[in-house]
Amino acid sequence: MKEVPFSLEKIQKLTKEYPTPFHIYDEKGIVENAGRMKEAFSWIPGFKNYYAVKACPNPSILEILKGEGFGADCSSLPELVLADRAGIRGEDIMFTSNDTPEEEFIKAKELGAVINLDDMTHIEKLERSAGIPELICFRYNPGSARQGNVIIGKPEEAKYGLTYEQIMEAYPLAKEKGVKRFGLHTMVASNELDPAYFIETARMLFEIAVQLKEKFDISLEFVNMGGGVGIPYKPEEKAVDLDSVSKGMKEEYEKLIIPAGLDPLRVVFECGRVITGPYGYLVTRVRQIAKKYKDYVGVDACMTNLMRPALYGAYHHITVLGKEEAAKTAVYDVTGSLCENNDKFAIDRRLPEIDDGDFLVIHDTGAHGYAMGFNYNGKLRSAELLLKKDGSVQLIRRAETMDDYFATLNF
Ligand SMILES: *Cc1c(COP(=O)(O)O)cnc(C)c1O
577 MKEVPFSLEK IQKLTKEYPT PFHIYDEKGI VENAGRMKEA FSWIPGFKNY YAVKACPNPS
637 ILEILKGEGF GADCSSLPEL VLADRAGIRG EDIMFTSNDT PEEEFIKAKE LGAVINLDDM
697 THIEKLERSA GIPELICFRY NPGSARQGNV IIGKPEEAKY GLTYEQIMEA YPLAKEKGVK
757 RFGLHTMVAS NELDPAYFIE TARMLFEIAV QLKEKFDISL EFVNMGGGVG IPYKPEEKAV
817 DLDSVSKGMK EEYEKLIIPA GLDPLRVVFE CGRVITGPYG YLVTRVRQIA KKYKDYVGVD
877 ACMTNLMRPA LYGAYHHITV LGKEEAAKTA VYDVTGSLCE NNDKFAIDRR LPEIDDGDFL
937 VIHDTGAHGY AMGFNYNGKL RSAELLLKKD GSVQLIRRAE TMDDYFATLN F
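Using our numbering, you'd call the opening residue of the sequence shown number 577 and step up by one each time.
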C-alpha cells in the first residue's frame with residue numbers, strides 16, 4: 577500500500593495558507609533514501625550520485641542533497657547556475673548536455689564542472705570556446721548492443737552519445753590535445769526496475785575501460801552509470817534493490833577492473849528519479865464530479881502540473897485523503913481543466929466514492945513532476961512546499977501569479 581506522510585487535517589490547515597494545487601516534498605524521506613543509496617555503494621572508492629537537477633530544479637532540494645554529499649548533474653546554463661547557487665561546486669557538478677551551445681561549455685569550465693561530451697564535434701567546439709580542460713568525459717551510446725525502453729527509446733535510435741568506433745577515436749584524440757584525466761559515461765535506460773540491467777551497464781563500461789587501457793594506455797578515473805533507476809509507481813511494483821545492483825557491480829569490478837590494474841576506479845551515478853521521485857506529492861482538490869458517459873472527477877490541478885500521465889501514459893497512484901481505508905467502489909477518470917482530452921491523471925481508476933472538495937494526493941511527483949510543467953492554456957505554475965524533518969512546512973517556491981505569466985509580454 578502506498579502511504580502519504582501527512583494527514584487530511586494537516587492538509588486542511590495548510591491549504592488555508594497555501595491553496596491547492598501544490599507539490600509537497602518529504603525531507604525525511606529524501607534524506608533517508610539518500611543515505612540508503614550511499615550505504616549500498618559504500619565499497620566504491622569515491623562513490624557519488626550527481627543528482628539530475630532537471631528532476632526537481634529547486635535549490636532547497638539541491639541543498640538537502642548537497643548535505644548528503646551528492647553532486648549535481650546539469651544540462652543547461654540555468655541548471656549550472658542553480659547548482660552553483662545551491663553551493664555545489666567544481667567537480668561536484670557533472671555537465672551532461674547534448675546539442676550544446678558554446679556559452680554552456682564556457683560556463684561549465686568556469687565553474688570547474690566535469691564536462692561530459694555528447695558528440696565528436698564537441699571536442700573542437702570545446703577547444704574553440706572554453707579551451708580543453710584537464711579532465712574530460714565522453715558519453716557512450718552502445719547502439720544495438722543494448723535495449724532501451726519506452727521513455728528513452730532504443731539506443732541505436734537515440735540522439736545521445738558516441739558510437740563505439742567514435743569512442744575509440746575520441747579518447748586518443750583528447751589525450752593528444754592535452755587531456756590528462758578521463759571519465760566515461762552512458763545512460764541507456766530510463767525508469768528501469770530490473771537490477772540486472774544496471775549490472776550489465778557496469779560491465780559494459782568496465783569492458784571499455786579495460787580496452788582504453790590496453791589500446792591507448794588511458795586509465796579512466798571514473799565511469800558514470802548515468803541515471804535511469806526506476807521507482808515503483810504502481811503499488812504492485814518493487815523498488816530496485818540497490819544492494820543487489822551493488823553486489824553485482826562489485827563482482828564485475830573484481831573480474832575486470834582489478835586485474836587490469838585500474839583499481840581504484842570511481843563509479844558514479846547521476847540519478848534523479850529514484851532520489852526524490854517517491855518523496856513528492858501533488859495535492860489537488862476536487863472541483864466537480866461530472867457524470868457523462870463516464871464518471872469524471874475534475875480537480876484543480878492539470879497536466880501542466882504533472883505531465884507524465886499524458887506524455888507517457890504513466891501511472892501515478894492516487895490517495896483520497898481521509899478515505900485511505902474506504903472501499904474502492906467507484907471507477908473514475910481523474911481530469912484537469914485543460915482543453916485537451918488527454919489531460920487525465922488517471923483513466924478508469926478504482927477509487928473510493930469521491931465528493932466535491934475532497935483532497936486527492938497524486939503520488940511520486942518528486943521527480944519530473946513540477947519540473948516538466950508548462951503554461952499552456954494560461955495555467956500558472958503551482959507552489960512547491962517542503963515538509964521538513966520536524967514536521968513544519970516551508971514554502972520553497974511560491975505559486976506563479978498572472979504578473980509572472982505576463983512578464984515577458986509588451987503590455
Ligand atoms: C534525465 C537524465 C538523468 C536522470 O534520469 P533519472 O531517470 O531521473 O534518474 C541523468 N543523466 C542524464 C544525462 C539524463 O538525461
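Where is the CB? At the ideal position from N, CA and C, for every residue including glycine.
Neighbour-count burial assignment, N951, 16 or more Cβ in a 10 Å radius: On the sequence shown, residue 951 is found 375 positions in, with the first residue counted as 1. It is exposed - the Cβ of N951 has fewer than 16 other Cβ atoms within 10 Å.
R612 CB to nearest heavy atom of ligand 2 below 8 Å: For ligand 2, the structure offers nothing, since it holds only ligand 1.
For L936, three-class secondary structure by DSSP: In the sequence shown, the residue the question calls residue 936 occupies position 360. It is a strand residue.
Through-space distance from G806 to N634, alpha-carbon basis: Locating residue 634 in the sequence shown gives position 58, counting from the first residue. Locating residue 806 in the sequence shown gives position 230, counting from the first residue. The straight-line gap from Cα to Cα measures roughly 21 Å.
Given N674 as reference, the closest of N692, K683 and G663 once Cα atoms are compared: Translated into positions along the sequence shown, residue 674 becomes position 98. When only C-alpha atoms are compared, the closest one is N692.
Buried versus exposed call for G912 [16 or more other C-beta atoms within 10 Å across all chains shown]: Locating residue 912 in the sequence shown gives position 336, counting from the first residue. By the 10 Å Cβ count, G912 comes out buried.
Residues bridged to T911 (per DSSP): Position 335 of the sequence shown, counted from the start, is the residue given in the question as residue 911. Per DSSP, G874 and K920.
Range covered by the alpha helix (DSSP H) that runs through A750: As a working mapping, residue 750 is identified with position 174 in the sequence shown. Residues Y740 to E752.
Assigned secondary structure, L693 (DSSP; H/G/I helix, E/B strand, else coil): Counted from its first residue, the sequence shown places residue 693 at position 117. L693 falls in the strand class under three-state DSSP.
Secondary structure of T880, DSSP reduced to three states: Working through the sequence shown from its first residue, we reach residue 880 at position 304. Note: T880 maps to coil in three-state DSSP.
Close-in-space but distant-in-sequence residues of the same chain around L832 (CB under 6 Å, 5 per side omitted): For the purposes of this step, residue 832 is identified with residue 256 of the sequence shown, where counting begins at 1. So the list reads F782 and V786, once near-sequence residues are dropped.
Whole-angstrom C-beta distance between Y627 and G848, which should lie under 8 Å: If you number the sequence shown from 1, residue 848 lands on position 272. If you number the sequence shown from 1, residue 627 lands on position 51. Indeed they touch by this definition, with Cβ atoms about 6 Å apart.
DSSP-derived helix/strand/coil call for D793: By 1-based counting over the sequence shown, the position of residue 793 is 217. D793: coil per DSSP, three-state reduction.
Of the residues G759, A815, T697 and A765, the one placed nearest E732, counting alpha carbons only: Numbered from 1 along the sequence shown, position 156 holds the residue referred to as residue 732. Of G759, A815, T697 and A765, the residue nearest in Cα terms is A765.
Element boundaries [beta strand (DSSP E), containing L971]: Taking the sequence shown and counting its residues from 1, one reaches residue 971 at position 395. Start and end: V969 to R973.
Inside the region 770-854 only - alpha helix (DSSP H) runs reaching at least 4 residues: 771-792, 818-828 and 849-852
Same chain, Cβ closer than 6 Å to A610, five either side skipped, listed in chain order: Looking up residue 610 in the sequence shown gives position 34. The answer, listed in chain order, is E644.
Bridge-paired residues (DSSP) for C650: Working through the sequence shown from its first residue, we reach residue 650 at position 74. Answer by DSSP bridge pairing, in chain order: F671.
Counterpart residues of V862 in DSSP-defined beta bridges: As a first step, residue 862 must be located in the sequence shown, where it is residue number 286. DSSP lists V875 as partners of V862.
C-beta contact flag for L711 and R757 at 9 Å: Translated into the one-based positions of the sequence shown, residue 711 becomes position 135. Translated into the one-based positions of the sequence shown, residue 757 becomes position 181. Cβ atoms of L711 and R757: closer than 9 Å.
Distance cut-off 8 Å: G942 Cβ against heavy atoms of ligand 1: Walking along the sequence shown from the start, residue 942 turns up at place 366. No; taking the cut-off as 8 Å, the Cβ of G942 has no heavy atom of ligand 1 nearer than that.
Other residues of its chain near Y872: CB distance less than 7 Å, five sequence neighbours each side excluded: Walking along the sequence shown from the start, residue 872 turns up at place 296. Here the set comprises A866, Y908, D909 and T911.
Beta-carbon spacing of C650, T672 below 9 Å: As a position in the sequence shown, residue 650 is number 74, starting the count at 1. As a position in the sequence shown, residue 672 is number 96, starting the count at 1. Contact: yes.
L702 classed as buried or exposed, judged by whether at least 16 other C-beta atoms fall within 10 angstroms: Indexing the sequence shown from 1 puts residue 702 at position 126. Buried, because 16 or more other Cβ atoms sit within 10 Å of the Cβ of L702.
I938 and I606 closer than 9 Å at C-beta: Translated into the one-based positions of the sequence shown, residue 938 becomes position 362. Translated into the one-based positions of the sequence shown, residue 606 becomes position 30. It is not a contact, given that the beta carbons lie outside the stated cut-off.
Euclidean distance between Cα positions of A983 and L956: Position 407 of the sequence shown, counting from 1, holds the residue named residue 983. Position 380 of the sequence shown, counting from 1, holds the residue named residue 956. Using only the alpha carbons, I get a separation of about 12 Å.
Shell residues, 7 Å Cβ cut-off relative to heavy atoms of ligand 1: A628, K630, A631, D649, S651, T672, M763, S766, N767, G802, G803, G804, V805, E846, C847, G848, R849, V850, A943 and H944
Residue ranges of each beta strand (DSSP E) within the region 587-628, 3 or longer: 598-602 and 624-628
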